[in-house]
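So for the sequence shown, our numbering puts the first residue at 927; every next one is plus one.
The C-beta atom is built at its ideal place from N, Cα and C for all residues, glycine as well.
The structure appears below as structure tokens.
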Amino acid sequence: MRIGVLTGGGDCPGLNAVIRAVVRTCDARYGSAVVGFQDGWRGLLEDRRVQLSNDDRNDRLLTKGGTMLGTARTHPDVLRAGLDRIRQTLDDNGIDVLIPIGGE
């Protein structure tokens, strides 16, 4: 199973800790790969992604504020084409589950 994660809306404390927890849990409990989409929903619209792994870099996320994925206040649901593009990006990357973190 492949999991997608993104952070949307305004920046706030704790986002990196949540990303870390998602990566650790998906790896340890389910053996699932995690793909991070950069700059919130915009990353899904533009297919900008990074592979997230459960290694030393993941542990260092706890000491950094904000979100290592970046965030944006993009509203893809305004246009039907935005939702269709997101669906296509998820399909193209084999994403089974999407975990959006944050507001908006």
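When the Cα atoms are used, what is the spatial distance from C952 to M927?
Your numbering for residue 952 matches position 26 in the sequence shown. Your numbering for residue 927 matches position 1 in the sequence shown. Cα to Cα, the separation comes out at about 9 Å.
Rounded C-beta distance between G934 and G966? I'm assuming under 8 Å.
Here the question's residue 934 lines up with position 8 in the sequence shown. Here the question's residue 966 lines up with position 40 in the sequence shown. Correct: roughly 4 Å between the Cβ atoms.
For N1019 and R975, which I take to be in contact (beta-carbon distance under 8 Å), what is that distance rounded to the nearest angstrom?
Stepping through the sequence shown from its first residue, residue 1019 is reached at position 93. Stepping through the sequence shown from its first residue, residue 975 is reached at position 49. Correct: roughly 7 Å between the Cβ atoms.
Are any of the Cβ atoms in chain C nearer than 8 Å to that of G991?
As a matter of chain content, chain C is missing from the structure shown, which is built from one protein chain.
Can you find the residues in the same chain that come closer than 6 Å, C-beta to C-beta, to V949, ignoring five residues on each side of it along the sequence?
As a first step, residue 949 is located in the sequence shown; it is residue number 23 there, counting from the start. Within the same chain, V949 has close Cβ partners V960, L978, N980 and N984.
Could you say which of G936, M994 and Q1014 lies nearest to G1029 if we only look at CA atoms?
As a working note, residue 1029 is residue 103 in the sequence shown. Measuring from the Cα of G1029, the nearest candidate turns out to be G936.
Out of curiosity, what's the CA-to-CA distance linking G930 and R968?
For the purposes of this step, residue 930 is identified with residue 4 of the sequence shown, where counting begins at 1. For the purposes of this step, residue 968 is identified with residue 42 of the sequence shown, where counting begins at 1. For G930 and R968, the distance between alpha carbons rounds to 14 Å.
Closest to E972 by CA distance: which of P939, A998 and C938 is it?
Numbered from 1 along the sequence shown, position 46 holds the residue referred to as residue 972. Nearest option by C-alpha distance: A998.
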